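As numbered in the working numbering, residues 12 to 410 make up the sequence shown, in order. Just so it is clear, CB atoms sit at the ideal spot from N, CA and C, and this is done for glycine as well. Here the structure is a predicted model, which is why all the values come from computation and not from measurement. Report on the following structure.
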Amino acid sequence: MLNGKRILIGVSGGIAAYKVAWLVRLLVKAGAQVRVVMTHAAHEFVTPLTLATLSKNPVVTDFQAGKQGTWNNHVELGLWADLLVLAPATANTLAKLAHGHCDNLLMAVVLSARCPVCVAPAMDVDMYHHASTQDNLRILDQRGVKIIPPGEGELASGLSGEGRLAEPEHILAFIEATLAGKQRLSGKRILVTAGPTFEAIDPVRFIGNHSSGKMGVAIAEKLASEGAEVCFIAGPIAIPTNHPNIKRFDVVSAQDMFDCATQEFLTCDAAILAAAVADYRPKNVAAEKIKKQAHDVPQIELEQTPDILATLGQTKKQTQVLVGFALETTNEIEHAKRKLEKKNLDFIVLNSLRDSGAGFKGDTNKITILHRAGKTINFELKSKNEVAADIVEQLCTYL
Ligand code: CTP
Numbered sequence: 012m013l014n015g016k017r018i019l020i021g022v023s024g025g026i027a028a029y030k031v032a033w034l035v036r037l038l039v040k041a042g043a044q045v046r047v048v049m050t051h052a053a054h055e056f057v058t059p060l061t062l063a064t065l066s067k068n069p070v071v072t073d074f075q076a077g078k079q080g081t082w083n084n085h086v087e088l089g090l091w092a093d094l095l096v097l098a099p100a101t102a103n104t105l106a107k108l109a110h111g112h113c114d115n116l117l118m119a120v121v122l123s124a125r126c127p128v129c130v131a132p133a134m135d136v137d138m139y140h141h142a143s144t145q146d147n148l149r150i151l152d153q154r155g156v157k158i159i160p161p162g163e164g165e166l167a168s169g170l171s172g173e174g175r176l177a178e179p180e181h182i183l184a185f186i187e188a189t190l191a192g193k194q195r196l197s198g199k200r201i202l203v204t205a206g207p208t209f210e211a212i213d214p215v216r217f218i219g220n221h222s223s224g225k226m227g228v229a230i231a232e233k234l235a236s237e238g239a240e241v242c243f244i245a246g247p248i249a250i251p252t253n254h255p256n257i258k259r260f261d262v263v264s265a266q267d268m269f270d271c272a273t274q275e276f277l278t279c280d281a282a283i284l285a286a287a288v289a290d291y292r293p294k295n296v297a298a299e300k301i302k303k304q305a306h307d308v309p310q311i312e313l314e315q316t317p318d319i320l321a322t323l324g325q326t327k328k329q330t331q332v333l334v335g336f337a338l339e340t341t342n343e344i345e346h347a348k349r350k351l352e353k354k355n356l357d358f359i360v361l362n363s364l365r366d367s368g369a370g371f372k373g374d375t376n377k378i379t380i381l382h383r384a385g386k387t388i389n390f391e392l393k394s395k396n397e398v399a400a401d402i403v404e405q406l407c408t409y410l
């Protein structure tokens, strides 16, 4: 059940940090995607290199500037995770967590996380039983943080008692049980289209567009991490998708995408069409490469491609939810509303190319969501992963 799940491990500075190497190994073996955030103190007990090698991902400790000059990897990490596990959670980290301190990257990640948070306390027996530690654990418990109880036995100090970090196998079982209770979209099948389409002119040339597919991939991965079975139909894009819940169909033209989407939609509960489908294609595709003429300029006659979204809108059952995108440059709201009605959508995600940071190629997007019932929500400029989380959140209100 951990296959493809995104587990973020937060390591703070206690001797039990050495056990986290084994926990990371167990998670990776179980198919989870693992990332690790360490405090500086944790570096004294286990090296970032060890955890990076075992997790197959870079380990982070400090804030990093993002590509757009932003300073946001705590938000990114917090949103990326399906589950955040602090192991070991020292007395100091528990205290900071209980009182909302935010003096290092790990604390900022916890405050940014929307996923369930588990803490595995580890400290000496008297520190564990101290009234302040117990109060902090109670506060965290009341807030919904899941406490992975420490074990009992010999401690690093030579004393014996409660306070040993739970064994990695126990933490693994705890993670599995927590995730089993948190799959909002499990049992749902959702179709996502992404990327451009290429419309052949001759065997070597085509009409295409600049869509990177990043937005569609982010949506597919977010849906998959919420337990949905995703039917992902991608035009020619360079981005891989790794989640085991994603069944991927790679297509080239609008017609290929149409054939695949209309077939797959029959068994889906919802569809989010994020692809930038060509509206026109050459009427006749030349069988051989078109040669340069000495005097004539070749004329390419175009015809319309089928509108996938409009077709799904015509055929959709009452129980199916349909979401479209609108990329506009003028009269954005008006055009988006018209598309919403004409294509029979439940809601539409509007991008305006007039907003800087929105659109095809970058890692950010700025959207407005217009619901059929009339509600309009404006979102800030965000990373595409955050935008995907917002779109999935809106979809969940229908499902
Ligand atoms: N779409 C589609 N099939 C097409 C064209 C568009 O499924 N042949 C979908 C897109 O995936 C998107 C929505 O329709 O979800 C809106 O696409 P857009 O190109 O903005 O709208 P059009 O209807 O093509 O209108 P126009 O190009 O005139 O703005």
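Query: Tell me the rounded alpha-carbon separation between P207 and F269.; Result: 13 Å
Query: Would you give the residue range spanned by the beta strand (DSSP E) that S363 belongs to?; Result: 358-363
Query: What are the uninterrupted segments assigned as beta strand (DSSP E) that are 3 or more residues long and contained completely in the stretch 34-110, given in chain order?; Result: 44-49, 94-100
Query: Please indicate yes or no: does the CB of F336 lie closer than 7 Å to some heavy atom of ligand 1?; Result: yes
Query: Going by DSSP, what residue range makes up the beta strand (DSSP E) through R292?; Result: 291-293
Query: Determine, using beta carbons only, whether P161 and R149 come nearer to each other than 8 Å.; Result: no
Query: Who does K157 pair with in a DSSP beta bridge?; Result: C129
Query: Residues bridged to N14 by DSSP?; Result: Partner(s): none; N14 has no beta bridge.
Query: For a minimum of 3 consecutive residues, which ranges assigned as the beta strand (DSSP E) are wholly contained in the stretch 185-221?; Result: 200-205
Query: Please list the terminal residues of the continuous beta strand (DSSP E) segment that includes G164.; Result: 162-165
Query: Would you say the beta carbon of P317 comes nearer than 7 Å to a heavy atom of ligand 1?; Result: yes
Query: Report, in whole angstroms, the separation of the C-beta atoms of S66 and V45, which I expect to be a contact under 8 Å.; Result: 4 Å
Query: Sorted by chain position, which residues of the same chain lie with C-beta nearer than 7 Å to A418's C-beta, five sequence neighbours on each side aside?; Result: Coverage of the chain is limited to positions 12 through 410, which leaves residue 418 absent and any answer about it impossible.
Query: Does DSSP put L122 in a helix, in a strand, or in coil?; Result: helix
Query: Around the C-beta of P99, are 16 or more other C-beta atoms found within 10 angstroms, so that it is buried, or is it exposed?; Result: buried
Query: Which ranges would you report for the beta strand (DSSP E) in the stretch 238-272 if only whole runs of at least 3 residues count?; Result: 240-245, 257-261
Query: Starting from the Cα of L333, find the closest Cα among S236, G15, L202 and give me that residue.; Result: L202
Query: Per DSSP, which residues does N376 bridge with? Please list them.; Result: K393
Query: Are L431 and L338 close, meaning C-beta to C-beta below 8 Å?; Result: The chain is shown from 12 up to 410; residue 431 falls before or after that span and cannot be answered.
Query: Need the endpoints of the alpha helix (DSSP H) that I319 sits in, please.; Result: 319-326
Query: Given a threshold of 16 other Cβ atoms within 10 Å of its Cβ, counted over all protein chains shown, does D290 qualify as buried or as exposed?; Result: exposed
Query: Can you list, in chain order, the residues of its chain with a C-beta nearer than 8 Å to that of A191? Leave out the 5 residues immediately preceding and following it.; Result: M12
Query: Is there at least one non-hydrogen atom of ligand 1 closer than 7 Å to the beta-carbon of D290?; Result: yes
Query: Within 10 Å of its beta-carbon, does G227 have 16 or more other beta-carbons around it, so buried, or fewer, so exposed?; Result: buried
Query: Using the Cβ count rule (16 or more neighbours within 10 Å means buried), how would you classify F74?; Result: exposed
Query: Distance check for E397 and K199, CA to CA, integer angstroms please.; Result: 21 Å
Query: List the endpoints of the continuous beta strand (DSSP E) containing L338.; Result: 332-339
Query: Terminal residues of the continuous alpha helix (DSSP H) containing R349?; Result: 343-353
Query: Taking 7 Å as the line, does the beta carbon of T340 fall inside it for any heavy atom of ligand 1?; Result: no
Query: Alpha carbon to alpha carbon, what distance is there between A265 and P317?; Result: 7 Å
Query: For L381, which of helix, strand or coil comes out of DSSP?; Result: strand
Query: Should H8 be labelled buried (16 or more other beta-carbon atoms within 10 Å of its own) or exposed?; Result: In the structure as shown, the chain starts at 12 and stops at 410, and residue 8 therefore has no counterpart that could be examined.
Query: Please identify the residue among T340, L170, I402, L323 whose C-alpha is closest to the C-alpha of V136.; Result: L170
Query: Figure out for me which residue from S223, K300, V262, V130 has the closest Cα to the Cα of D11.; Result: With the chain covering 12 to 410 only, the question about residue 11 has no answer from this structure.
Query: If you follow the beta strand (DSSP E) that S171 is in, where does it begin and where does it stop?; Result: 171-175
Query: I'd like the list of long-range same chain contacts for G15, defined as Cβ closer than 8 Å, with 5 residues on each side in sequence excluded.; Result: G42, A43, Q44, A235, S236, N253, H254, P255, N256
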